[in-house]
Amino acid sequence: MTSSNTPYKVCAFYQFVALPDYRELREPLRACCAGLGLKGSVLLAQEGINGTVAGAREAIDAFAHELARSDMFGGRLHNLELKFSAAEAMPFGRLKVRLKKEIVTLGDAAADPTRRVGTYVDPHEWNALIAAPDTLVLDTRNAFEVAMGTFEGALDPGIKSFGQFKDFAAEQLDPARHRRIAMFCTGGIRCEKASAHLLARGFAEVYHLKGGILRYLEDVPEAESRWRGECFVFDERVALGHGLRERNKDVTRDE
């Protein structure tokens with residue numbers, strides 16, 4: 013969701029895809045972003061791309077087209093997960109394009125989202141899934157994110173970083189007892205890795221929210237929502253609510 017009344021448009025994006033030339037892609041991608049006046053953070057790794065950038069509406073639209081259609085990536089980003097929102101002020105201080113070992117760090121070579129991931133669930137079908145009594149609803153985000161908001165009845169793994177998820181799963185989850193798991197995260201990327209990890213460990217049914225919390229808050233009417241609180245985002249807006257509205261920073265809330 014974006015508004016024509018706000019000066020900045022924000023684009024969050026990711027895709028797990030083989031990028032053996034990721035090192036050579038860094039400078040062309042940085043030059044593209046800089047040329048469009050964008051700020052934000054982009055990660056490149058052999059396993060794919062992940063980032064959030066902000067700029068003028070026309071610049072963000074041109075950037076999204078460049079990722080999906082230009083020769084830079086040679087058509088490899090045809091399954092790019094894109095989400096747009098709005099910002100009253102520029103939510104990033106500078107532009108960073110970095111090379112990483114993983115675009116989201118888990119540290120499990122067996123978790124390869126380019127080969128196998130859980131079953132995607134559309135936001136409009138999510139409520140029915142998590143309401144089922146035999147479904148374990150799992151928040152894969154960090155503890156401070158969960159504290160700001162989560163879905164009703166979701167399990168908080170109590171992790172400080174996503175890299176701790178595999179330890180949590182080994183200690184707290186059992187394929188024999190947890191036959192159906194429905195997981196979610198901010199935009200979907202952590203669930204791709206987490207679902208691949210659980211499937212590799214023998215879990216039978218693993219589902220994850222397509223497009224993450226942000227897509228749910230955009231698509232599902234607030235009156236029908238099972239989300240409670242706000243969704244933390246990794247930029248200066250801090251958090252978004254239903255309809256991807258920015259939090260009111262002038263209001264002191266009783267947490």
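The opening residue of the sequence shown carries number 13 in the numbering used here; numbering runs sequentially from there. Glycine included, each C-beta is placed from N, C-alpha and C at the ideal position. Treat the numbers as computed from the prediction; the structure is a model and nothing was measured.
- Inside the region 59-91, DSSP marks whole alpha helix (DSSP H) runs of 4 or more residues at positions 69-81, from first to last along the chain.
- Taking TYR26 as reference, the option from ASP33, ILE72, GLY67, LEU79 with the minimal CA-CA separation is LEU79.
- ILE142 carries a helical assignment under DSSP once its states are collapsed to helix, strand and coil.
- HIS220 has its alpha-carbon roughly 5 Å from the corresponding atom of TYR132.
- DSSP lists LEU252 as the bridge partner or partners of CYS243.
- Minimum Cα-Cα distance from ILE142 among the listed residues LEU31, PHE28, VAL218 corresponds to VAL218.
- Taken in chain order, the whole beta strand (DSSP E) runs of length 3 or more contained in the region 154-216 are 161-163, 192-196.
- Counting only residues of its own chain and dropping the five nearest sequence neighbours on each side, MET160 has a CB closer than 8 Å to the CB of GLY241, GLU242, CYS243, PHE244, ALA251.
- The region 42-50 makes no contact with the region 230-240, as fewer than three CB pairs between them are under 8 Å.
- In the same chain as TYR34, and ignoring 5 residues on each side of it, the C-beta atoms closer than 7 Å to its own belong to LEU56, ALA57, GLN58, LEU111, in chain order.
- PRO187 sits exposed, since fewer than 16 C-beta atoms from the chains shown fall within 10 Å of its C-beta.
- ASP151: member of the beta strand (DSSP E) spanning 148-151, first to last residue.
- For GLU164, same chain residues with a beta-carbon under 7 Å away, outside a window of 5 residues either side, are ARG238, ARG240 in chain order.
- The continuous beta strand (DSSP E) containing ARG110 extends over residues 107-111.
- In the three-state DSSP reduction, ALA43 falls in the helix class (H, G or I).
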